[in-house]
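Contents: one structure, followed by commentary.
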Amino acid sequence: PDVRRRAWLMRRDTAPGARPNSGHEALVDLERQGRLRALLTQNVDGLHQAAGSSPELVLELHGTVHAVEC
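Last residue of the sequence shown? That's 74 in the numbering used here, and every number before it is there in order.
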């Protein structure tokens, strides 16, 4: 568990300047148009939520670096 925890924290800390891009914003637009029921992502960075996607619609298949639990 300690090695896994350190690995997740390293992933979180190596991209502190990451920002949502136009792809994230396009998905927010689809959600606002009522054309998106859920957003499944393998991303663990929380950028979908940072772009404005509703957290209730974002399903993070591999979890998130913002909450580490072993």
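Positions of the beta carbon are idealized from the N, C-alpha and C atoms, including for glycine.
Taking a C-beta distance under 8 Å as the contact criterion, VAL62 and ARG16 do not qualify as a contact pair. Checking the DSSP bridge columns, you'll see LEU43 partnered with VAL62.
Under the 10 Å beta carbon count, GLU64 is surrounded by 16 or more other beta carbons and is classified as buried.
For ARG8, the enclosing alpha helix (DSSP H) covers residues 6-17. Rounded to whole angstroms, the separation of the alpha carbons of ASN25 and ARG36 is 17 Å.
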